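If you read the sequence shown in full-length UniProt numbering, its first letter stands for residue 1, the second for the next number, and so on.
C-beta atoms are modelled at their ideal positions from N, C-alpha and C, and glycine is treated no differently.
Values in this document were obtained by computation on a predicted structure and should not be read as measured data.
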Amino acid sequence: MSLAVTLTRAQQGVSAPQVVVEVHLSGGLPSTSIVGLPEAAVREARDRVRVAIQNTAFEYPNRRVTVNLAPAELPKDGGRFDLAIALGILAAASQIPRERLDDCEFLGELALSGELRPVPGILPALLRARARGRRVVVPRANAAEAALLGPADILLAGSLAEVCAWLRGTAELSAPANSELDDPPYTGPDMRDVRGQWQARRALEIAAAGGHHLLLMGPPGTGKTMLAERLPGIMPPMTESDALESCALRSLNGDTVDPALWRRRPFRAPHHTASGVALVGGGSLPRPGEISLAHNGVLFLDELPEFSRHVLEVLREPLESGEIVISRAARQCSFPAQFQLVAAMNPCPCGYAGDTRETCRCTPDQILRYRSRISGPLMDRIDMRVDVPRVPLSDLTSPPGKGDDDTTTVRARVVRAREKALLRAGQPNADLSVVNLERDCALPPAERHWFEKALEQLGCSARAYHRILRVSRTIADLEGGSGCVEKSHLAEALMYRRG
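Okay, here's the thing in structure tokens:
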């Protein structure tokens with residue numbers, strides 16, 4: 001029989017759909033054709049595969065070779081199909097057995113010498129293959145990413161010859177090393193380095209415990225960036241599934257995944273000149289943007305009003321839905337974007353409005369135009385707004401005080417509060433549905449009346465009402481006690497909302 005079938009996977013966001021490679025040998029003039037909506041890099045595979053087979057001491061069939069990549073409507077790009085195409089040709093020519101091809105998938109780009117080169121975005125393909133219960137053969141250069149899934153059902157190869165020897169049963173392929181994947185001790189920036197700023201520290205702890213969005217406003221040099229950089233260290237560790245999802249997005253972006261730090265929360269800080277495509281992702285072959293690379297972590301936007309208004313507006317939908325859908329003429333990709341937004345800004349163009357030492361040189365109209373660069377709908381989606389004033393020199397020169405807890409201590413409180421939320425509703429407080437919010441934030445009549453009057457005076461929207469309740473629920477979890485939302489928790493949440 002001159003027909004052989006091998007399995008591989010395409011790169012389409014985090015879905016990594018399966019591709020069936022069908023190879024048929026027929027009579028006629030010797031030629032090779034690849035069909036199934038291949039892009040230029042895939043069409044060029046016929047030359048790479050032919051030379052690689054010849055340099056691996058196999059005979060390239062002197063017949064008409066037709067390679068079909070199914071499904072035909074799925075666009076296919078890159079060199080990740082080379083190995084599967086080569087094995088299909090050799091199997092159709094009866095140079096290797098077909099029996100071990102059925103339950104295995106193959107990924108890898110071939111060099112002309114027959115060596116296997118790494119392919120980007122391999123982790124989503126490994127996750128999907130594992131869900132289907134299939135073994136996967138990948139290039140040895142992708143071993144670091146493959147190690148995140150453990151040695152089960154993943155085989156490493158360095159060349160086409162090694163894979164053929166394994167299929168013939170004359171050699172074995174190695175499995176990824178069983179790396180130490182536990183969360184190592186935290187060694188990043190420490191909260192103890194922050195002097196003073198007790199209110200900002202408190203807001204940062206609440207934001208970490210509940211997953212709330214945060215805006216820091218203050219003059220230059222007061223520690224806004226310093227505080228934001230310490231947020232990932234006090235956030236709860238990611239679960240294995242969340243960590244693998246974040247690593248898969250970095251893999252799609254071509255970033256190297258360090259197995260020792262795979263459970264660290266991502267921290268992305270794009271420059272204010274970044275475009276909308278840089279934030280949400282895009283390209284002819286859609287790749288994740290900064291908001292997806294910050295999935296399960298922190299997206300820090302420093303100098304928030306300096307960003308283009310159009311760029312900031314693209315954040316509105318992902319902040320609500322937790323995902324971004326990128327549509328192009330030939331394909332559509334969906335990337336997760338469940339990030340925590342932390343923004344920093346000055347109070348005015350010169351930066352010194354309300355400062356105790358420097359005199360502001362801005363007119364009221366200049367300050368109004370500066371702050372109006374951030375739209376009302378976007379500001380309404382930010383749960384907490386905190387002033388970060390100038391710190392007295394005496395606080396900077398004095399040793400850490402009683403309230404200056406280090407990252408480990410603060411993180412322990414955050415983890416306890418997050419565990420309460422997960423036990424109660426199965427999700428962080430920032431993601432509570434309206435039904436769960438009404439159940440978990442039930443207020444006595446007197447407190448509800450007081451809360452309604454406060455909301456009317458502040459002119460809060462329905463979205464703001466729910467967000468204030470979610471923040472107060474997090475404050476109650478941090479305080480412990482009876483576990484009920486009290487007036488003091490509501491008052492503190494209102495203070496952060498008012499800014």
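Practice prompt. Please name the residue in Ile-475, Leu-249, Ala-144, Pro-399 whose C-alpha comes closest to that of Pro-124.
Written response: Leu-249
Worksheet item: Taking the C-alpha atoms as reference points, what is the distance between Arg-331 and Gln-12?
Response: 9 Å
Discussion item. I'd like to know whether the C-beta atoms of Asp-383 and Arg-467 end up nearer to each other than 8 Å.
Written reply: yes
Item to complete: Please name the residue or residues paired with Thr-32 in a DSSP beta bridge.
Response: Val-65
Discussion item. Taking only three categories from DSSP, how would you classify Glu-73?
Written reply: coil
Worksheet item: What's the gap between the Cα of Glu-145 and the Cα of Pro-259?
Response: 7 Å
Worksheet item: Do you know offhand how far Glu-317's Cα is from Glu-323's?
Response: 8 Å
Discussion item. Counting C-beta neighbours from all protein chains within 10 Å, is the total for residue 502 16 or more, i.e. buried, or is it exposed?
Written reply: There is simply no residue 502 to check, as the chain begins at 1 and stops at 499 in what is shown.
Worksheet entry | Residue from Asn-253, Leu-261, Tyr-370 whose Cα sits closest to the Cα of Glu-303 | Tyr-370
Practice prompt. Pick out the complete beta strand (DSSP E) segments inside the stretch 275 to 338, 3 residues or longer, and give them in chain order.
Written response: Complete beta strand (DSSP E) runs here, min 3: 298 to 301, 323 to 327, 332 to 336.
Worksheet item: Within this structure, are the beta carbons of Ala-417 and Ala-209 separated by less than 8 Å?
Response: yes
Fill in: Pairwise C-alpha distance: Gln-199 and Ala-462
26 Å
Practice prompt. Could you check if Gly-211 is buried or exposed, using at least 16 other CB atoms within 10 Å of its CB as the buried criterion?
Written response: Gly-211 is buried by the Cβ-count criterion.
Worksheet item: What's the C-alpha gap between Ile-122 and Leu-7?
Response: Straight-line Cα distance between these residues: approximately 15 Å.
Worksheet item: Under a three-way DSSP split, which group does Asp-153 fall into?
Response: coil
Worksheet entry | Residue closest to Cys-348, alpha-carbon to alpha-carbon, out of Arg-373, Arg-328, His-272, Phe-267 | Arg-373
Practice prompt. Indicate whether Arg-140 and Ala-157 have their beta-carbon atoms separated by less than 8 Å.
Written response: yes
Worksheet item: With contact counted as at least three CB pairs below 8 Å, one residue from each stretch, are the stretch 32 to 42 and the stretch 67 to 81 in contact?
Response: yes
Discussion item. Quick check: what's the CA-CA separation for Leu-312 versus Cys-362?
Written reply: Their Cα atoms are separated by approximately 24 Å.
Item to complete: Would you give the residue range spanned by the beta strand (DSSP E) that Thr-8 belongs to?
Response: 3 to 9
Worksheet item: Going by the beta-carbon positions, is the gap between Pro-237 and Phe-267 smaller than 8 Å?
Response: Cβ distance not < 8 Å, so Pro-237 and Phe-267 don't count as in contact.
Practice prompt. Give a yes or no on contact between the stretch 275 to 292 and the stretch 212 to 223, applying the rule of three or more CB pairs nearer than 8 Å.
Written response: These segments do not touch.
Fill in: Residue burial classification, Arg-448 (beta-carbon count within 10 angstroms, cutoff 16)
By the C-beta density criterion, Arg-448 is exposed, having fewer than 16 other C-beta atoms within 10 angstroms.
Worksheet item: Should Val-485 and Arg-473 be called a contact, given that it needs their Cβ atoms to be closer than 8 Å?
Response: Cβ distance < 8 Å, so Val-485 and Arg-473 count as in contact.
Worksheet item: If you follow the beta strand (DSSP E) that Met-217 is part of, which residue opens it and which one closes it?
Response: 214 to 217
Worksheet item: Quick one: complete alpha helix (DSSP H) runs, 4+ long, within the stretch 456 to 487?
Response: 462 to 479
Worksheet entry | Same chain, Cβ closer than 7 Å to Pro-61, neighbours up to 5 away in sequence not counted | Leu-25, Ile-89, Ala-93
Practice prompt. State the start and end residues of the unbroken beta strand (DSSP E) segment that holds Glu-105.
Written response: 104 to 106
Item to complete: Could you tell me the boundaries of the beta strand (DSSP E) in which Pro-232 lies?
Response: Element bounds for Pro-232: not the beta strand (DSSP E) but the alpha helix (DSSP H), 231 to 234.
Discussion item. Applying the 10 Å Cβ sphere with the 16-neighbour rule, what's the burial state of Leu-299?
Written reply: It counts as buried.
Discussion item. Starting from Met-379, trace the beta strand (DSSP E) in both directions and tell me its first and last residue.
Written reply: Segment 376 to 380 is the alpha helix (DSSP H) holding Met-379; no beta strand (DSSP E) there.
Worksheet item: Measuring CA to CA, which of Phe-451, Ile-475, Asp-477 is closest to Tyr-465?
Response: Phe-451
Worksheet item: Sorted by chain position, which residues of the same chain lie with C-beta nearer than 6 Å to Gly-188's C-beta, five sequence neighbours on each side aside?
Response: Gly-233
Discussion item. What would DSSP say about Val-391, mapped onto helix, strand or coil?
Written reply: coil
Practice prompt. Could you have a look at Ala-52 and say whether DSSP puts it in helix, strand or coil?
Written response: helix
Worksheet item: Since residue 508 and Ile-53 are thought to touch, with beta carbons under 8 Å apart, how far apart are those beta carbons, to the nearest angstrom?
Response: This structure cannot settle anything about residue 508, because the visible part of the chain is limited to 1 through 499.
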